[in-house]
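Chemist: Numbering-wise, the working numbering puts 103 at position 103 of the sequence shown, and it's gapless, one number per residue. Glycine is no exception: its CB is placed at the ideal position from the N, C-alpha and C atoms. Source: prediction; values computed, not measured.
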Amino acid sequence: MTFHDIWQTLSWHDTQLNSHNYTAQQVQAAMAKSKLTLSDLQALLSPAAVAFLPQIADKALRLTRQRFGATVQFYAPLYLSNLCANECSYCGFSMSQKIKRKTLTVEEVEQECQALKALGIDQVLLLTGEHEHKVGMAYFRTLIPVIRRYFSSLQLEVQPLAVSEYAELRQLGVDAV
Ligand code: SF4
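1) In whole angstroms, give me the CA-to-CA distance for residue 21 and residue 9.
2) Throw me the rounded Cβ distance for the residue 126 and residue 169 pair, which I believe falls under 8 angstroms.
3) Report the three-state DSSP secondary structure of residue 88 (helix, strand or coil).
4) Shortest alpha-carbon distance to residue 173 belongs to which of 152, 45, 100, 13?
5) Which residues in the same chain have their Cβ closer than 7 angstroms to the Cβ of residue 13, if we skip the five residues on either side of it in sequence?
6) Distance check for residue 35 and residue 141, CA to CA, integer angstroms please.
7) Any heavy atom of ligand 1 closer than 7 angstroms to the beta-carbon of residue 168?
8) Ignoring anything shorter than 3 residues or poking outside the region 7-44, list the beta strand (DSSP E) runs there in chain order.
9) Where residue 33 and residue 160 are concerned, what is the direct C-alpha to C-alpha distance, given to the nearest angstrom?
10) Based on the DSSP output, what are the partners of residue 81 in its beta bridges?
11) Have a look at residue 104 and residue 54 and give me their C-alpha separation to the nearest angstrom.
12) Between residue 136 and ligand 1, is the CB less than 7 angstroms from at least one heavy atom?
13) Taking the beta carbon of residue 42 as the centre, do at least 16 other beta carbons fall within 10 Å, making it buried, or is it exposed?
14) For the beta strand (DSSP E) holding residue 155, just list the boundary residues, first then last.
Below, the structure written as structure tokens:
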């Protein structure tokens, strides 16, 4: 079963209604556990959890330090395109914005990679807007193997894709989406 299959079984209307049924005791019980169920997560996101936010934040901080240590990762964003078919009110790349649109060619991407590499950057986040026709899998098949040659870690922000396309991105050299 994929994440999408499980997601489709959830009723957000019911979840929202049920969230008002959780009690402070259920929130505290969820906070005390080391492994949470879906119901525990709902308790922690319910209105009853508001009174416990400082304790929840303390536990989140403790777990983050335990699992990752006091580390900071540096990465550079690399914008491949500012084409977008979406409208997000906070974003300057939204479709209705009257800006000059640009999608990098292979040669331009290589120049960007070389410039980042010269700065000592070894981890990049590729940003693509959301335009599945002009900045979709065909574009990624060409570009990602080229970019991968320069960096040891690649992440990609991209429109929702099919499961098989995520698998293909992994084959192409993407570490995270
Ligand atoms: S680039 Fe991303 S955040 Fe900006 S409008 Fe498109 S989808 Fe929204």
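Modeler: With the given structure in hand:
1) Rounded to whole angstroms, residue 21 to residue 9 spans 21 angstroms at the Cα level.
2) Incorrect: roughly 10 angstroms between the Cβ atoms, too far for contact.
3) In this structure, residue 88 counts as coil in the three-state DSSP scheme.
4) In terms of Cα proximity to residue 173, the closest of 152, 45, 100, 13 is 152.
5) So the list is empty, once near-sequence residues are dropped.
6) In a straight line, the C-alpha of residue 141 is about 39 angstroms away from that of residue 35.
7) Flag unset: Cβ of residue 168 not near ligand 1.
8) Here no run is fully enclosed.
9) Cα to Cα, residue 33 sits roughly 33 angstroms from residue 160.
10) DSSP lists 103 as partners of residue 81.
11) Approximately 45 angstroms between the Cα atoms of the pair.
12) No, the Cβ of residue 136 stays beyond 7 angstroms of every heavy atom of ligand 1.
13) Under this definition residue 42 is a buried residue.
14) According to the DSSP assignment, residue 155 belongs to the beta strand (DSSP E) that extends over 153-157.
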